[in-house]
Every structure is written in structure tokens, then in C-alpha cells.
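Undergrad:
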Amino acid sequence: MDTAATRTPQPPARVAVIGAGTIGLSWVRLFASYGSAVRVYDPRPDLAQVVGTAVAAAGADPRAVTCASSAAAAAEDADLVQENGPEREDHKAALFVELAEAAAPHALLLSSSSAILPTRIAQSLDDEAAARMLIGHPFNPPHIMPLVEVVPGERTAPDSVQRALEVYRAYRRTPVALAKETRGFVGNRLQNAVLREAVHLVQSGVVDAAGLDAVVTGSLGLRWAAVGPLEGMHLGGGEAGLRGFMEHIGPSFAQIDLHEPDLTEAGMRPVHDQVEEAYGLPPHPRIARERDRVQEAIIRLRDENAEAADG
């Protein structure tokens, strides 16, 4: 029986990608690889070249991806708009007015913004358009990383949140809907907390940059790829779960003082120097390729385990 509960979500027929930087081009690869007709706009002069490279990397039909002459032309009659422009509130607010006018009346209006609240982006939209505007924040690169944070604004319709979840699932992403907006959303707030302490530890001479990265990739990174931090603590507490974990480990946690890093140019200089010594400047493309291979291998293993558990 074809019901909403059993029907497999289908990718939108027409997608507009606004902004063709690293994130935008990665979205192009993802959308094109699932057969959506994609129109791309970015003012960069080499747009056709970089889009062609992205399409070839996706193994998609090059005829399904076209470059538009303006944001409005890209969004015309689109079912889904994924915006990836500069992180400026005024720019995004004005741009979404233009996109809402051009896109199909039912189109989801999504921004990849990593920090700007959707309510602020939608400030100049009428209520009908604001009901369809929300954040679809990926982790880079979105054609590999499964997470998409779906963040509604104050005027976003609940139905739009559900539609966005279905859309991203159609592209085999792992969307997570936030109950309310907060600056930085969830992933970047967690990342910010870890990075701030990481910078402080290097600045204070506790560990060098390469050593810090080895600590993360050899422990927390591996564990958190399998289970999240709360589930990990729950498993670590034995039969009492998280309650037992906090009973035994909580007091020692409370004694660990976290510190604010020095983010000034002078304070960051030794961190920059160590990172550049360890990984080169500019970073060697081989490092990014190795990162992507490892991430893809982890995702494949996770998928295989999930399928085995379901079976």
C-alpha cells in the first residue's frame, strides 16, 4: 500500500544551488548523482569549469546540470533551493526575497548557513514564503558527510520541517530536526567547544598540534563515529547506564577546568606554525583525499552494520 509511512521519499525534480564554493559544489555532486535537474548560480568567472568538474566527479549526466545567469534564473520554478552564499545576514535576507519570488510556490527555501538564525534570514519574507524557509546545514563535504541539521525559524511551518527531512532522506542523508534555533545550531556548538579547548591545550604547551590530532583520531573520533557522547557515557556506566557513569566519573569531571583560548593573531601564531609544519601550507590535496576515503569507509561500515541489525 502506498502510504506516507511506507513510500520511499523521492528526490525533487528541479533543484537550485545558489553559491558554488566548496559547500555548494558538494551539494551539486550529491543532487546530480541522484538524478535531480540542477541549476547553479555563482558570480565566479570559472563557474562552468568548476561545475563541470563536480558533475564529472559525481558520475552524473552533464546535461542535467546547468549554469544560470542569476540567482533568480537558477531558482525559477525550482522545487528545492539550497543557498550557500556569504555568511552575511543582510545579504542572505535580501537574496531570499529574490529566491522566494522566482521559485515554485511550494518550493522549500533552504540555507546552508552555519550560524545565522533562520528567523533573521526570513525577516523580509512574507508569511507564506517564511513558512517554507529554514536552515539545511550540512557538514563539509555534504556529498560525503551524512548529517544535515534542519533548523526552523519562528515562522517556519511544521510541514516544511517534515518535507525537508524527507528531501534529505531521499538523498540518503541523515537529517536531524532541531526543536528551536540557536546560534551555531548543534554540531558547530559542539565542535566549537572541542576546538576552543584544543587551541588552549596547544597554546599552553600541554601537547603539540600533531599530538592533539592523534589523541582525537585515536580515541574520541573513533568512538563518536560509532556512538554519540551521551550514548557512550550510558554504555560506560554498566548496568546503571548514564546514572552509574555520572555517579562514578561525575565528581572527577567537575574538577577539570576548561579555559578560554587566546584567539588574537599573536596568540594563534604558535598554533598556526605547528599546524603548518605538520600538514603543510597550503594543505596537500592528498590529505583531503585521505580524509574523504576514511570518512567514506566509516560510513560504509556504519551502513553495513545498520543493515545487518535490521536484517
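Counted from 1, the sequence shown has number 190 at position 176 by the numbering used here; the numbering is strictly sequential. We put the CB at the ideal spot given by N, CA and C, even for glycine.
Whole angstroms are fine: how far does the CA of Val-221 sit from the CA of Glu-291?
TA: Taking the straight line from one Cα to the other gives about 15 angstroms.
Undergrad: Using C-beta distances below 8 angstroms, list every residue in its chain close to Gly-198, excluding the 5 sequence neighbours before and after it, in chain order.
TA: Cβ neighbours of Gly-198 beyond the five flanking positions: Ser-128, Ala-129 and Asn-206.
Undergrad: Please identify the residue among Ala-92, Cys-81, Pro-132 and Val-95 whose C-alpha is closest to the C-alpha of Pro-103.
TA: Looking at the sequence itself, residue 103 is Glu, so the reference to Pro does not match. Answer by Cα proximity: Pro-132.
Undergrad: Beta carbon of Ala-86, beta carbon of Arg-53: below 8 angstroms?
TA: No, the Cβ-Cβ distance between Ala-86 and Arg-53 is not below 8 angstroms.
Undergrad: My assumption, with CB atoms under 8 angstroms, is that Pro-152 sits in contact with Val-162. Please give the rounded CB distance.
TA: Yes, they are in contact, since the Cβ atoms of Pro-152 and Val-162 sit about 5 angstroms apart, within 8 angstroms.
Undergrad: I need the DSSP call for Pro-76, collapsed to helix, strand or coil.
TA: If DSSP states are grouped into helix, strand and coil, Pro-76 belongs with the helices.
Undergrad: Please name the residue in Ala-302, Ala-72, Glu-279 and Ser-40 whose C-alpha comes closest to that of Gly-49.
TA: That would be Ala-72, whose Cα lies nearest to the Cα of Gly-49.
Undergrad: Please report the straight-line C-alpha distance between Glu-101 and His-262, rounded to a whole angstrom.
TA: Their Cα atoms are separated by approximately 43 angstroms.
Undergrad: Could you tell me which whole alpha helix (DSSP H) segments of length 4 or greater appear in the segment 193 to 266?
TA: The qualifying runs are 201 to 217, 223 to 229, 235 to 240 and 243 to 250.
Undergrad: Do the segment 106 to 120 and the segment 23 to 42 touch if we need at least three Cβ pairs shorter than 8 angstroms?
TA: They touch, by the three-pair rule.
Undergrad: Suppose you measure from the CA of Gly-252 to the CA of Gly-258; what does that come to, to the nearest Å?
TA: Approximately 7 angstroms, taken between the alpha carbons.
Undergrad: Assuming Arg-43 is part of the alpha helix (DSSP H), what are its boundary residues?
TA: First-last of the alpha helix (DSSP H) with Arg-43: 36 to 47.
Undergrad: Note down the Cα distance separating Thr-36 from Glu-112, rounded to an integer number of angstroms.
TA: If you take the alpha carbons of Thr-36 and Glu-112, they lie about 23 angstroms apart.
Undergrad: Which whole runs of the alpha helix (DSSP H) in the segment 123 to 156 are 4 residues long or more, in chain order?
TA: List check, alpha helix (DSSP H) in window: 132 to 135 and 141 to 144.
Undergrad: Consider the C-beta atom of Leu-39 and the heavy atoms of the ligand ZN; say whether any pair is separated by less than 7 angstroms.
TA: Among the ligands in the structure shown, none appear at all, so the ligand ZN cannot be discussed.
Undergrad: Exposed or buried, what is Leu-236 when buried is set at 16 or more other beta-carbons lying within 10 Å of its beta-carbon?
TA: Exposed is the call here.
Undergrad: Less than 8 angstroms between the beta carbons of Ala-178 and Val-200, yes or no?
TA: Against a cut-off of 8 angstroms, the Cβ pair of Val-200 and Ala-178 comes out as no contact.
Undergrad: Pull up the DSSP beta-bridge partners for Thr-188, would you.
TA: Leu-161, per the DSSP bridge assignment.
Undergrad: So is Arg-187 buried or exposed if we call it buried at 16+ other beta carbons inside 10 Å?
TA: Classification of Arg-187: buried, given that the 10 Å Cβ count is 16 or more.
Undergrad: If you follow the beta strand (DSSP E) that Ile-32 is in, where does it begin and where does it stop?
TA: Ile-32 -> beta strand (DSSP E) spans 28 to 32.
Undergrad: Are the CB atoms of Ala-68 and Leu-39 nearer to each other than 8 angstroms?
TA: Closer than 8 angstroms, so yes.
Undergrad: Check the C-beta distance from Glu-97 over to Ser-126 and give it rounded, since I have them as a contact under 8 angstroms.
TA: Sure, about 7 angstroms apart at Cβ, within 8 angstroms.
Undergrad: By a C-beta neighbour count over all protein chains shown, 10 Å radius and 16 as the cutoff for buried, is Ala-44 buried or exposed?
TA: The residue you asked about is not Ala; residue 44 is Leu in the sequence shown. Counting Cβ neighbours within 10 Å, Leu-44 comes out buried, since at least 16 surround it.
Undergrad: Tell me which same chain residues have a C-beta within less than 8 angstroms of the C-beta of Arg-307, skipping the five on either side of it?
TA: So no residue of the chain qualifies.
Undergrad: For the structure I just gave you, are there three or more beta carbon pairs, one from the segment 208 to 216 and one from the segment 269 to 283, closer than 8 angstroms?
TA: These segments touch.
Undergrad: Identify which residue in Ala-239, Val-289, Val-95 and Pro-299 has its Cα closest to the Cα of Leu-226.
TA: Checking every option, the nearest Cα to that of Leu-226 belongs to Val-289.
Undergrad: If you follow the alpha helix (DSSP H) that Ala-118 is in, where does it begin and where does it stop?
TA: Element bounds for Ala-118: n/a, residue is neither H nor E.
Undergrad: For Val-285 and Gly-99, I'd like the C-alpha separation in whole angstroms.
TA: So the alpha carbons of these two residues sit roughly 29 angstroms apart.
Undergrad: Using DSSP with H/G/I as helix, E/B as strand and the rest coil, what is Pro-166?
TA: Reduced to three states, the DSSP call for Pro-166 is strand.
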